[in-house]
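Chemist: Mapped onto this note's numbering, the consecutive letters of the sequence shown carry residue numbers 1349 to 1808.
Dropping a structure here in structure tokens format, bear with me for questions.
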Amino acid sequence: MRQTVAVSNTSRAGLAVAGLSLGTSLNPLNSSMIAVALVVLREDFRLDVATVTWVITAFYITSAAGQPLMGRLADRFGPRRLFMLGMALVAVTCALAPFSPNFVFVCIARALMALGTATAYPCAVVMVGALARQANSSSTRPLGRIQMANTSGAAVGPVVGGLLVSLVGWEALFLINVPLALAALFIVRRFAPPDQQREHGSVASLLRDSDIPGILAFVGGMVLLLMGLLDALPGLRWWLLGGAMVLAVLFAWRELSFGKPFLDLRLLGRNRPLLLVYLGFVVFSCVYYFAFFGLPQLLQDAAGYDPGLVGVLMLPLAAMSVVITPLAVRAIDRFGVRRVLIAGVVLLTVAAAALWLLTASFAVLLVLALTALMGVPYGSVSIASNQGLYLSAAPQDRGVAAGIFQTCRYVGAIGATVMIGIFYGDGVNQDNWGRMVLVMLGLCAVTFVVAVLWRERKAG
């Protein structure tokens, strides 16, 4: 009888992880899927190139700013109910978005979709401990599956998006989310463990204790920072960055003086392992997105490859990272997070150095080998960083910690995008690619130092 119950609990935990993984995949899926619809949106709404990119910017900024907020709400009021609320928001928004009368409504729909999908990863991380205990396994296994969902969503996005746009139109990019979000909602509702006792009280008291000014300062500062880095409003970049700095100062003053801060900066300052996880993941993401964003432009402009072929040549990067993740999970269980993290960063350095070969040749087999090689450290470092986050954050703060972790990914990606624009400013060619590789190697060295310094946080 006990064995039957154990098997049942393991199955329920597995199904709950599947639902959480499905919800988690929606954010990267929609961030990459939209790229193939820009031309169609321009034609349908008669837009210029600069204006149509707001459909990407709106999603990017809302995701980056919203994830820590969703994480804090998950910590306070329960991850299961917040996840379901997020998926419901995605389903309703995406059902209505195809009827948008103009492009502004499309961008608003994308922002609401980003807010809904931003609940998934922080909620999943908060629930990992309970699911691991329910399945009688280590936390690396559910985290590994969630990481695979993240990677797979980004990998299949352009392929799925291209098929949907060619057969139906840009509207299908919204509609496809409706059944996926509802499926994730009902699976988690049915199989995820109920939320533990969370905060209760009057609405007024909850609002008073929710640090609304701190939340607004954080979100506002993050939005201004990302808009400045992305140069979303040409000519106002330095004003946006200056405003972000002012809000950052106000945010720090508020958090240090408030009794129940949104983000406990004193506690975070004492948590060196968590800070190192964040720093390492920002720099690592910058290296990865240097290749992910910079290489396709090099292959199209300098090598003259067709965009369709470039998509195929980039596919091994994401595919190999999916394959390597479960192997990295086993390695973490056997050797520990730190050793796998250091090994992954060493492989990252090797892969980045190998990209130098593209200054001499664009042979298809060489490109395929290099993109596959780059996928190995992406899978291993990502899951090791995920597990490092889980071990470094206090249980009651894992939601907001996971949200900030995802924001680190966006900051790294945006940093890479800005630097790519600088290096490719006078032309997309092999010489400039070689200079970018040198910068990647420098960033790899920083990531290696951070990985060596990281130690698992001591309990208590």
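Even for Gly, the Cβ is constructed at its ideal location relative to N, Cα and C.
For the alpha helix (DSSP H) containing F1641, name the first residue and the last one.
Modeler: Translated into the one-based positions of the sequence shown, residue 1641 becomes position 293. Run containing F1641: 1620-1645, per the alpha helix (DSSP H) assignment.
Chemist: Would you mind sorting G1652 into buried or exposed? The rule is 16 or more other CB atoms within 10 Å of its CB.
Modeler: For this step, residue 1652 is matched to residue 304 along the sequence shown. The residue in question, G1652, is exposed, as its Cβ has fewer than 16 Cβ neighbours within 10 Å.
Chemist: Enumerated in chain order, which unbroken segments of the beta strand (DSSP E) with a length of 3 residues or greater are wholly contained in the region 1682-1758?
Modeler: none
Chemist: Write down every uninterrupted run of the alpha helix (DSSP H) in the region 1362-1421 whose length is 4 residues or greater and which is fully enclosed by it, in chain order.
Modeler: Qualifying alpha helix (DSSP H) stretches, in chain order: 1386-1393, 1397-1400.
Chemist: Assign S1605 to one of two classes, buried (16 or more other C-beta atoms within 10 Å of its C-beta) or exposed (fewer than that).
Modeler: Counting from one through the sequence shown, the residue named residue 1605 turns up at place 257. With fewer than 16 other Cβ atoms within 10 Å, it is exposed.
Chemist: With DSSP run on the structure shown, which of helix, strand or coil describes M1450?
Modeler: Translated into the one-based positions of the sequence shown, residue 1450 becomes position 102. The identity of residue 1450 in the sequence shown is Asn, whereas the question assumes Met. N1450 falls in the coil class under three-state DSSP.
Chemist: Starting from the Cα of A1457, find the closest Cα among P1470, I1382, A1483, F1431 and give me that residue.
Modeler: Mapped onto the sequence shown, residue 1457 falls at position 109. If we check each option's Cα against that of A1457, I1382 comes out closest.
Chemist: Reducing DSSP to helix, strand and coil, say where L1572 ends up.
Modeler: Within the sequence shown, the letter at position 224 stands for residue 1572. Reduced to three states, the DSSP call for L1572 is helix.
Chemist: Report the CB separation of A1439 from V1526 in whole angstroms; it is logged as a contact under 8 Å.
Modeler: On the sequence shown, residue 1439 is found 91 positions in, with the first residue counted as 1. On the sequence shown, residue 1526 is found 178 positions in, with the first residue counted as 1. Taking the Cβ atoms as the reference, A1439 lies roughly 5 Å from V1526, within the contact range of under 8 Å.
Chemist: At least one CB of chain C closer than 8 Å to the CB of Q1482: is that the case?
Modeler: In the displayed structure, chain C is absent; only one protein chain is listed.
Chemist: Is it right to say A1764 is buried, meaning 16 or more other beta carbons lie within 10 angstroms of its own, or is it exposed?
Modeler: As a working note, residue 1764 is residue 416 in the sequence shown. It is buried - the Cβ of A1764 has at least 16 other Cβ atoms within 10 Å.
Chemist: In terms of residue numbering, what span does the alpha helix (DSSP H) encompassing D1779 cover?
Modeler: For the purposes of this step, residue 1779 is taken as the residue at position 431 of the sequence shown. From DSSP, the alpha helix (DSSP H) with D1779 extends over 1778-1801.
Chemist: Ordered along the chain, which non-local residues of its own chain (more than five positions away) have a Cβ less than 6 Å from that of N1357?
Modeler: By 1-based counting over the sequence shown, the position of residue 1357 is 9. Taken in chain order, the residues that qualify are Q1482.
Chemist: Note the first and the last residue of the continuous alpha helix (DSSP H) segment covering P1470.
Modeler: Residue 1470 sits at position 122 when you count from the first residue of the sequence shown. Segment 1468-1483, the alpha helix (DSSP H) holding P1470.
Chemist: Work out the CA separation of A1750 and L1581 for me, nearest whole Å.
Modeler: If you number the sequence shown from 1, residue 1581 lands on position 233. If you number the sequence shown from 1, residue 1750 lands on position 402. Roughly 29 Å separates the two Cα atoms.
Chemist: On the criterion of 16 or more Cβ atoms from any shown chain inside 10 Å, does W1781 qualify as buried, or is it exposed?
Modeler: To locate residue 1781, count along the sequence shown from 1; it is residue 433. Within 10 angstroms of the beta-carbon of W1781 lie 16 or more other beta-carbons, which makes it buried.
Chemist: Check each candidate in V1452, L1791, A1531 and name the one with the smallest Cα separation from A1364.
Modeler: For this step, residue 1364 is matched to residue 16 along the sequence shown. When each option's Cα is compared against that of A1364, the closest is A1531.
Chemist: Quick one: is P1416 buried, meaning 16 or more other Cβ sit within 10 Å of its Cβ, or exposed?
Modeler: What you label residue 1416 is simply residue 68 of the sequence shown in a count that begins at 1. P1416 should be labelled buried.
Chemist: Quick one: what's got a C-beta closer than 6 Å to G1367's C-beta in the same chain, skipping five residues either side?
Modeler: If you number the sequence shown from 1, residue 1367 lands on position 19. Contacts found: A1532, I1535, V1536.
Chemist: Confirm, please, whether the CB-CB distance from L1595 to L1616 is below 8 Å.
Modeler: Position 268 of the sequence shown, counted from the first residue, corresponds to residue 1616. Position 247 of the sequence shown, counted from the first residue, corresponds to residue 1595. Cβ distance not < 8 Å, so L1616 and L1595 don't count as in contact.
Chemist: Leaving aside the five residues before and after L1716 along the sequence, list all residues of the same chain whose C-beta is less than 8 Å from its C-beta, in chain order.
Modeler: Translated into the one-based positions of the sequence shown, residue 1716 becomes position 368. Counting only Cβ-Cβ distances below 8 Å, and skipping sequence neighbours, we find L1661, P1664.
Chemist: How is A1354 classed by DSSP in three states: helix, strand or coil?
Modeler: The residue you call residue 1354 lines up with position 6 of the sequence shown. Its pLDDT being 46, under 50, A1354 is placed unreliably in this model, and the value from its coordinates should be taken loosely. If DSSP states are grouped into helix, strand and coil, A1354 belongs with the helices.
Chemist: Only counting the same chain, and skipping five residues up and downstream in sequence, which positions put a Cβ closer than 6 Å to that of G1736?
Modeler: In the sequence shown, residue 1736 corresponds to position 388, counting from 1. The answer, listed in chain order, is V1625, V1685.
Chemist: Going along the chain, which residues of its own chain have a beta-carbon closer than 7 Å to the beta-carbon of P1446, five neighbours each way excluded?
Modeler: One-based indexing of the sequence shown puts residue 1446 at position 98. Cβ neighbours of P1446 beyond the five flanking positions: E1519, F1522, L1523.
Chemist: Helix, strand or coil for P1541 per DSSP?
Modeler: What you label residue 1541 is simply residue 193 of the sequence shown in a count that begins at 1. Three-state DSSP puts P1541 in coil, outside helix and strand.
Chemist: May I ask you to verify whether the region 1680-1698 touches the region 1719-1738, counting CB pairs closer than 8 Å and requiring at least 3?
Modeler: Result yes; three or more Cβ-Cβ pairs closer than 8 Å.
Chemist: Which residue wins for smallest C-alpha separation from V1387, given the options R1424, D1396, S1379?
Modeler: Within the sequence shown, numbered from 1, the residue matching residue 1387 stands at position 39. If you compare the alpha carbons of R1424, D1396, S1379 with that of V1387, the shortest gap goes to D1396.
Chemist: How would you label T1795, buried or exposed, when you count the other beta carbons within 10 angstroms and need 16 or more for buried?
Modeler: Reading the sequence shown from its first residue, position 447 is the one you call residue 1795. Counting other Cβ atoms within 10 Å of its Cβ, T1795 reaches 16 or more and is therefore classed as buried.
Chemist: In this structure, how does DSSP classify D1423 when only helix, strand and coil are distinguished?
Modeler: Looking up residue 1423 in the sequence shown gives position 75. Helix, per DSSP.
Chemist: Could you tell me the boundaries of the alpha helix (DSSP H) in which V1594 lies?
Modeler: Looking up residue 1594 in the sequence shown gives position 246. Unbroken alpha helix (DSSP H) run through V1594: 1585-1605.
Chemist: With a threshold of 16 other CB atoms inside 10 Å of the CB of V1597, please say whether the residue is buried or exposed.
Modeler: Reading the sequence shown from its first residue, position 249 is the one you call residue 1597. By the neighbour-count rule (16 or more Cβ atoms within 10 Å), V1597 is not buried but exposed.
Chemist: With C-beta atoms as the reference, is T1372 less than 8 Å away from G1727?
Modeler: Indexing the sequence shown from 1 puts residue 1372 at position 24. Indexing the sequence shown from 1 puts residue 1727 at position 379. No.
Chemist: Please report the straight-line C-alpha distance between V1724 and A1699, rounded to a whole angstrom.
Modeler: Locating residue 1724 in the sequence shown gives position 376, counting from the first residue. Locating residue 1699 in the sequence shown gives position 351, counting from the first residue. When rounded, the distance between both Cα atoms is 9 Å.
Chemist: What's the gap between the Cα of F1528 and the Cα of V1798?
Modeler: Within the sequence shown, residue 1528 is the residue found at index 180, counting from 1. Within the sequence shown, residue 1798 is the residue found at index 450, counting from 1. Rather than Phe, the amino acid found at residue 1528 in this sequence is Leu. Straight-line Cα distance between these residues: approximately 38 Å.
Chemist: If you draw a straight line from the C-alpha of A1793 to the C-alpha of V1693, how long is it?
Modeler: Reading the sequence shown from its first residue, position 445 is the one you call residue 1793. Reading the sequence shown from its first residue, position 345 is the one you call residue 1693. Cα to Cα, A1793 sits roughly 9 Å from V1693.
Chemist: Can you tell me whether L1801 is buried or exposed, with buried defined as 16 or more other CB within 10 angstroms of its CB?
Modeler: Here residue 1801 corresponds to residue number 453 of the sequence shown, with the count starting at 1. Label assigned to L1801: exposed.
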